[in-house]
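Presented below is the structure to which this report refers.
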Amino acid sequence: MNIRLSTGKEIPVEMHKVRIVQKTSLPPVEERLKAIKEGGYNTFALRTKDIFIDMLTDSGTNAMSDNQLAAMMVSDDAYAGSESFYKLARVIEDVLGFRYVLPTHQGRAAEHLLAKVFIKPGDIIPMNYHFTTTKAHIELVGGQVLEIYADEALKTQSTHPFKGNLDIQKLKDTIKKYGASKIPFVRMEATTNLLGGQPFSIENLKEVKRVCSEYNIPLVVDGSLISENAYFIKIREKEYKNKSIQEIIKEIMSFADLFYLSARKSSCVRGGFIATNNKKFYEEIKPWLPVYEGFLTYGGMSTKEIEAMAVGLREMTDISVAGSAAEQVKYFAERFIEYGIPVVTPPGGLACHVDAMMFLPHIPQSQYPAGALAAAIYIVSGVRSMERGTISMDRDQDGNEVYSDLELARLAVPRRVYTVSHIEYVVDRLHWLYQHRDMVKGLKFIEEPPVLRFFFGKLEPLDNWGSKLGETFKKEIGAQ
Ligand code: F0G
Numbered sequence: 002m003n004i005r006l007s008t009g010k011e012i013p014v015e016m017h018k019v020r021i022v023q024k025t026s027l028p029p030v031e032e033r034l035k036a037i038k039e040g041g042y043n044t045f046a047l048r049t050k051d052i053f054i055d056m057l058t059d060s061g062t063n064a065m066s067d068n069q070l071a072a073m074m075v076s077d078d079a080y081a082g083s084e085s086f087y088k089l090a091r092v093i094e095d096v097l098g099f100r101y102v103l104p105t106h107q108g109r110a111a112e113h114l115l116a117k118v119f120i121k122p123g124d125i126i127p128m129n130y131h132f133t134t135t136k137a138h139i140e141l142v143g144g145q146v147l148e149i150y151a152d153e154a155l156k157t158q159s160t161h162p163f164k165g166n167l168d169i170q171k172l173k174d175t176i177k178k179y180g181a182s183k184i185p186f187v188r189m190e191a192t193t194n195l196l197g198g199q200p201f202s203i204e205n206l207k208e209v210k211r212v213c214s215e216y217n218i219p220l221v222v223d224g225s226l227i228s229e230n231a232y233f234i235k236i237r238e239k240e241y242k243n244k245s246i247q248e249i250i251k252e253i254m255s256f257a258d259l260f261y262l263s264a265r266k267s268s269c270v271r272g273g274f275i276a277t278n279n280k281k282f283y284e285e286i287k288p289w290l291p292v293y294e295g296f297l298t299y300g301g302m303s304t305k306e307i308e309a310m311a312v313g314l315r316e317m318t319d320i321s322v323a324g325s326a327a328e329q330v331k332y333f334a335e336r337f338i339e340y341g342i343p344v345v346t347p348p349g350g351l352a353c354h355v356d357a358m359m360f361l362p363h364i365p366q367s368q369y370p371a372g373a374l375a376a377a378i379y380i381v382s383g384v385r386s387m388e389r390g391t392i393s394m395d396r397d398q399d400g401n402e403v404y405s406d407l408e409l410a411r412l413a414v415p416r417r418v419y420t421v422s423h424i425e426y427v428v429d430r431l432h433w434l435y436q437h438r439d440m441v442k443g444l445k446f447i448e449e450p451p452v453l454r455f456f457f458g459k460l461e462p463l464d465n466w467g468s469k470l471g472e473t474f475k476k477e478i479g480a481q
């Protein structure tokens, strides 16, 4: 919760007590240099023993609540018919309003099933923005992602409260151009991860649904960050100021024909599911569930995870949980802005995103500025961020580089894990890096996988800039 101090400054005060802790350590700069070199300048390849503060992602790294942990102790282990599943199904009906549930082992598994069942080669999937795994699954079955965001969405420095909105006119034009029969569904991501966790408004969602209904096109909502999107609606969309997070989530759901999520984010547990009130859709997907995931009542999750998810889904409707990451992200962004460090604004849902093209304007996209920035951040701080730029895009079918709309280094804020002093440390080290940004140069691939290359790709710093940066850091700041 944001609390105003007597000085007038607002800080995000954690609305929880930390009872279980995990030790962390700060490896000296020489070790960090060795680790990033061994990892091919890819932060995915780092081991957590070499990381001080892990801001790679908020996925599967959130702190569970005491009630979630307690629920895991009473799970009902069964291959079929587990009561834990029925408990989850009841919560999904209560919190989200859907009768039919298809559990999956995580979000991308839900995407795989939706792509397999609904998309034919040549189909077009309009959406407010893609996520890496979504795009991969759509393309693997021959579909094409079409992003029809409003122009404001790509402006990293903006005050637009809903950069995750879909452009309604472009949606109408797309349907006219391709025909509704080529569009198996329209997808809205809450919030748009790769645009910097930017939400859509209910006003926009309502319009999207109206157009979809006119052409009988189903609307799919990816709700991996649904509680954050609802939180932003509450604080940014006037009409919803006095509504609860639960009421807002229910209203969002009332427009969705199909809903899926990665439970690893908002509900703080490994897993995922697809939910719907459309029996026909449910019956179409159901036969494939045991083929790819597991039986209908576990879908690749353990029953312990299912129990924890049921609790996590209710807890994400608590405003202090829904806003916990968003408020830390806002604090983070404001502190960066005080130092002139370019970050995505307005601050989004899951992470503070540094604009690498502005931070490192001397590095062309062909030399991966966001990847270079993520590696440099690690060298000077032991903090792990994630490249969200051109490395996260795969080459096209002819092998050409596809330049990303944005080049971002994402500093994710896992829910309830880090405190304001951790954030202050990160801000300080990035401030130092910003003053030495000319030392950071580009990267080039030395090993490049054919799909989702950002996971396992290996790169090399041009002109050995990593070691030079590390040495300068050591001289000016010390080994740590
Ligand atoms: N959709 C969105 C919007 C996501 O952010 C993610 C995962 C997925 C789908 C896939 O879900 O990981 O459970 O298979 N985002 C993670 C991230 C990986 O780091 O932002 P998953």
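Each step along the sequence shown adds one to the number in our numbering, with nothing skipped, and position 220 is 221.
For each residue, glycine too, the CB sits at the ideal point set by N, CA and C.
Residue i: beta carbon under 7 angstroms from a heavy atom of the ligand F0G?
| i | result |
| --- | --- |
| ASN194 | yes |
| GLU388 | no |
| THR44 | no |
| GLN107 | yes |
| THR58 | yes |
| ARG265 | yes |
| SER495 | Nothing about residue 495 can be read from this structure; the chain reaches only from 2 to 481. |
| PHE132 | yes |
| THR62 | no |
| GLU190 | yes |
| GLY273 | yes |
| THR135 | yes |
For residue i, which three-state DSSP category applies?
| i | result |
| --- | --- |
| LEU113 | Inspection of the sequence shows that residue 113 is occupied by His rather than by Leu. In this structure, HIS113 counts as helix in the three-state DSSP scheme. |
| PRO462 | strand |
| HIS131 | coil |
| PRO104 | strand |
| SER263 | strand |
| CYS213 | helix |
| LEU407 | coil |
| TYR150 | strand |
| ARG20 | coil |
| PRO291 | helix |
| MET358 | helix |
| LYS445 | strand |
| LEU314 | helix |
| GLY467 | helix |
| PRO185 | coil |
| VAL322 | helix |
| MET440 | helix |
| MET254 | helix |
| ASN230 | helix |
| GLY273 | strand |
| PRO450 | coil |
| ARG430 | helix |
| ASN205 | helix |
| ALA413 | strand |
Can you grab the Cα-Cα spacing for the pair residue i / residue j, in whole Å?
| i | j | result |
| --- | --- | --- |
| ALA90 | ARG100 | 8 angstroms |
| LYS173 | LEU470 | 50 angstroms |
| PHE201 | LYS475 | 44 angstroms |
| GLU388 | ALA410 | 5 angstroms |
| VAL355 | GLN145 | 29 angstroms |
| ASP152 | THR473 | 40 angstroms |
| LYS207 | ASN194 | 21 angstroms |
| ASP439 | LEU460 | 20 angstroms |
| ASN205 | GLN481 | 48 angstroms |
| ILE37 | HIS113 | 32 angstroms |
| TYR283 | GLU449 | 38 angstroms |
| PHE45 | ILE52 | 11 angstroms |
| TYR293 | ALA309 | 22 angstroms |
| ILE54 | LEU70 | 24 angstroms |
| ASP1 | ARG271 | In the structure as shown, the chain starts at 2 and stops at 481, and residue 1 therefore has no counterpart that could be examined. |
| GLY197 | GLU190 | 12 angstroms |
| ASN166 | VAL345 | 16 angstroms |
| GLU402 | VAL452 | 13 angstroms |
| VAL428 | ASN217 | 48 angstroms |
Shortest alpha-carbon distance to residue i belongs to which of the options?
| i | options | result |
| --- | --- | --- |
| LYS88 | GLU32, LYS305 and GLN368 | LYS305 |
| GLU238 | GLY198, PRO162 and ILE12 | PRO162 |
| THR277 | SER267, LEU259, SER263 and ILE286 | LEU259 |
| LYS235 | LEU262, ARG265 and ILE203 | ILE203 |
| PHE296 | LEU361, ALA373 and PHE86 | PHE86 |
| VAL155 | TYR379, TYR179 and ASN129 | As written in the sequence, residue 155 is Leu, which differs from the Val given in the question. Here the closest residue by C-alpha is ASN129. |
| GLY180 | ILE126, ILE342, GLN366 and THR391 | ILE126 |
| LEU97 | THR318, GLU408, HIS363 and ASN401 | THR318 |
| HIS432 | PRO462, ASP77, ILE378 and ASP406 | ILE378 |
| THR62 | ILE286, GLU425, ARG265 and ASN43 | ARG265 |
| SER386 | SER255, TYR80 and PHE455 | PHE455 |
Within the present structure, is the beta-carbon of residue i separated from the nearest heavy atom of the ligand FAD by less than 7 angstroms?
| i | result |
| --- | --- |
| THR49 | The ligand FAD is absent from the structure shown, which contains only the ligand F0G. |
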